[in-house]
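Take a look at the structure below.
Numbering (the numbering used here), first residue to last: 140 to 242.
Right, here's the structure in full:
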């Protein structure tokens, strides 16, 4: 993988080493980037209804559902994009869904 710092692209690597058209050169993850402000819909965790079945945890594409000591925690809203997958897979209906209100 070639990692290019724009400030030194001409000095060390040259323009030919920069990937064309924004081509992906490595895997990405939402954990590396704060993507929570992209959200238009917001899930709400209802802890009193949760049975900690963990159906939501592996289905979240953004790793925005933390688990501690085998129990699901509230959302990591710095990374949740509001896709709604977790709300759909929850058998206990321990999440609700509403429009995101921006401040």
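In this text, a Cβ means the ideal position worked out from N, Cα and C, and glycines have one as well.
Taking all protein chains shown into account, do 16 or more other C-beta atoms lie within 10 angstroms of the C-beta of residue i, making it buried, or fewer, making it exposed?
| i | result |
| --- | --- |
| residue 160 | exposed |
| residue 221 | buried |
| residue 162 | exposed |
Taking the CB atoms as reference points, tell me whether residue i and residue j lie closer together than 8 Å.
| i | j | result |
| --- | --- | --- |
| residue 224 | residue 200 | yes |
| residue 192 | residue 230 | yes |
| residue 203 | residue 215 | yes |
| residue 236 | residue 228 | no |
In this structure, how does DSSP classify residue i when only helix, strand and coil are distinguished?
| i | result |
| --- | --- |
| residue 196 | helix |
| residue 226 | helix |
| residue 217 | coil |
| residue 188 | coil |
| residue 155 | helix |
Taking Cβ positions only, does residue i come closer than 8 Å to chain C?
| i | result |
| --- | --- |
| residue 196 | Of the protein chains in the structure, only one exists, and it is not chain C. |
Can you tell me which residues form a DSSP beta bridge with residue i?
| i | result |
| --- | --- |
| residue 235 | 183 |
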